[in-house]
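Enquirer: By the numbering used here, the letter at position 315 of the sequence shown is numbered 306, and the numbering carries on one by one without gaps. The beta carbon of each residue, even a glycine, is placed where N, CA and C say it ideally should be. I am attaching a structure below and will ask some questions about it afterwards.
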Amino acid sequence: MTSSPHLLLVAPLLLPLGTLVACLLTRASHRACAALSLLGAIGLMLVGLMLVVHAGRGDILVSQMGGWAAPYGITLVVDRLSAAMVAITGVIATATVLYAQARDSDPARGRDFHLLTHGLLVGVCGAFITGDVFNLYVWFEVLLVGSFALIALGGDKRRMAGTVVYVILNLIATLLFLLAAGLVYGSAGTLNMAELAALFAAGNVPPGVQAPLVLMLLAFSIKAALFPVFGWLPASYHVAWTPVSALFAGLLTKVGVYALIRLVTLLWPDAGLVHDVLLWVACATMLIGVLGAAAQTEVRRILSFHIVSQVGYMVLGLALATPLALAGAVFYLIHHIVVKANLFFIGGIAARMTGSERLPAMGGLYARAPWLALMFAIPALSLAGIPPLSGFWAKFVLVRAGLETGAWIAVGIALLTGIFTLLSMSKIWNEAFLKAHPQGADGHRKITGQAPAWWAAAGLAAITVAIGLGAGPVMDFATAAADQLASPRHYIDAVLGSGGR
């Protein structure tokens, strides 16, 4: 294991920041702005893949910004999990920017989208590679500013109503996080994650630090849309412009999940009360989310409830607290980000072709666009856990981990949730694709200039198939990432050995 400063560590921050500036300077030219935005997203994806290669060797890359040793300086840390998250962020960013280049009724919206998207990506990547709690708060703020503007983009009355719900709940979570961070610093004298982990590992837990840490977990739970604090997500994601809702669906709740995984594995690596609470929260999140989806009739609202449900699977892996369960959680993160963004892409294309997102007003897509039907079937079946697609392997690993630990109720709920998920996807398939359009041939819109959207959806569908058919290497990487998470001493030594006190 090596631990050294590396220019590669700051690239996930500099690339989207530089792209934001370039898009700002070329905002008057939509074509130039869009081209630079796509190049920046591709660059971020390549940087992420380079980080995966470095992390795959077992390296934990650490850089102390400005030469200030931890905990006084800004610490950047990349292990296998954070490298994978940066890489998949680049993939989703590339697909989303490509999708947004399809012909739209409001070209100005597209120009603003590119600026704000790369601002949001700075915050997302910063959250994945930061090594201290305060800077995690800072990066949360950066991504929230971008997300507030993106969700209101081209705002009509319905969109603004969803934006208000999104803003209020996320501001509450942010205030809880800031309050908790201040209280932790007052008790422990540090917000560096490695130093906090070292204190817990040595049994030197500062008095009064547990309560604010629980408050911090609550803030992360709101960000991740866990039960019972998930209501903001299905009330807001479905009203945003399709590329925005796809980007949010793929990435934003996963930042909250990542923060939960990072904090819990560093401070409480062994099963205990925290894991017991998370287990029941995960079960409730899976079940309530999928039942909420069953009651909906709008495509993106159905998919929004399924985000909630699927987050429960990821937290289930964290709660079971075994290396196999953590590997399942990492695999599930990678799989779900791709699948969920793609379902929102395809839902947007279907809405453009049929003139509505309401299932009763849709239909005829299988006959009119069989390739779209195929592209929907791939992520939909993967979400439900049908072999040999990526979702099957993710669920299989989690179910196996649950059986090994005797979590019979959790396993039962996970399997039941998978069945209800398949029923939800079948409802969309029957209503939007198989049945005839209520207005017959007159109900189908003739749309042009949509090739970028189709290519984006096809690319993510191909990745879903590739992960499923090549599950072995992905699982090997997830297992190695889980081994790092289950042994926080590696993280502690890498960070504090690079110049910490």
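1. Helix, strand or coil: which one does DSSP assign to N195?
2. State yes or no: is the C-beta of L311 within less than 8 Å of the C-beta of G393?
3. On the DSSP bridge list, what partners appear for N421?
4. Take L5 and list the residues in its own chain whose beta-carbon comes closer than 7 Å to its own, dropping the five residues that flank it on each side.
5. Here's the rule I'm using: 16 or more other beta-carbon atoms within 10 Å means buried, otherwise exposed. How should S20 be labelled?
6. Just checking L27 against the ligand COA - is the residue's beta carbon closer than 7 Å to any of the ligand's heavy atoms?
7. What is the rounded straight-line gap between the Cα of I438 and the Cα of G346?
8. For H229, which residues of its own chain have a beta-carbon under 7 Å away from its beta-carbon, when the five flanking residues on both sides are left out?
9. Could you tell me if N333 is buried or exposed, where buried requires 16 or more neighbouring beta carbons within 10 angstroms of its beta carbon?
10. How is the alpha helix (DSSP H) around V129 delimited, first residue to last?
11. Does the Cβ-Cβ distance between Q441 and R94 come in under 8 Å?
12. Between which two residues does the beta strand (DSSP E) containing Q55 stretch?
13. Please classify K214 as buried or exposed, where buried requires at least 16 other C-beta atoms within 10 Å of its C-beta.
14. Is the number of C-beta pairs between the region 304 to 323 and the region 259 to 277 that are closer than 8 Å three or more?
15. Considering just the uninterrupted stretch of the beta strand (DSSP E) at V175, what are its terminal residues?
16. Taking 6 Å as the limit between beta carbons, can you name the residues of its chain near G339, skipping five residues before and five after?
17. In the DSSP assignment, find the beta strand (DSSP E) that holds V509 and state where it starts and stops.
18. Could you check where the alpha helix (DSSP H) with Q475 kicks off and where it finishes?
19. When DSSP builds the beta bridges, which residues end up paired with N183?
20. Exposed or buried, what is N183 when buried is set at 16 or more other beta-carbons lying within 10 Å of its beta-carbon?
21. If you draw a straight line from the alpha carbon of G403 to that of P479, how long is it in whole angstroms?
22. Between the region 359 to 369 and the region 399 to 413, do at least 3 Cβ pairs fall closer than 8 Å?
23. Under 8 Å between the Cβ atoms of F336 and Y90?
24. Do A342 and V306 have their beta-carbon atoms positioned less than 8 Å apart in this structure?
25. Pick helix, strand or coil for E395, following the three-state DSSP scheme.
26. Roughly how many angstroms separate the alpha carbons of L8 and E395, rounded to a whole number?
27. Could you check whether the region 130 to 146 touches the region 172 to 179, counting it as contact only if at least three pairs of C-beta atoms, one from each stretch, sit closer than 8 Å?
28. Distance, Cα to Cα, T108 vs A444?
Expert: Straight from the coordinates:
1. coil
2. In this structure, the beta-carbon distance from L311 to G393 falls below 8 Å.
3. According to DSSP, N421 bridges with nothing at all.
4. Nothing listed; no residue qualifies.
5. By the beta-carbon neighbour count (other beta carbons within 10 angstroms, threshold 16), S20 is exposed.
6. This structure does not include the ligand COA; it has no bound ligands of any sort.
7. One C-alpha to the other measures close to 10 Å.
8. S236, E289, R291, R292 and S295
9. The residue in question, N333, is buried, as its Cβ has 16 or more Cβ neighbours within 10 Å.
10. Taken as a continuous stretch (DSSP letters only), the alpha helix (DSSP H) holding V129 covers V124 to I142.
11. yes
12. L52 to Q55
13. The residue is buried, with at least 16 neighbouring Cβ atoms inside 10 Å.
14. Three or more pairs of CB atoms, one per stretch, sit closer than 8 Å, so the region 304 to 323 contacts the region 259 to 277.
15. Membership of V175 in any beta strand (DSSP E) is not indicated; the residue belongs instead to the alpha helix (DSSP H) covering K148 to A179.
16. T233
17. Nothing can be reported for residue 509: it is not among the residues displayed for the chain, which extend from -8 to 492.
18. A462 to A477
19. Paired residue(s): D123.
20. buried
21. 31 Å
22. no
23. With respect to the 8 Å criterion, F336 and Y90 are classified as neighbours on the basis of their beta carbons.
24. no
25. helix
26. 45 Å
27. no
28. 17 Å
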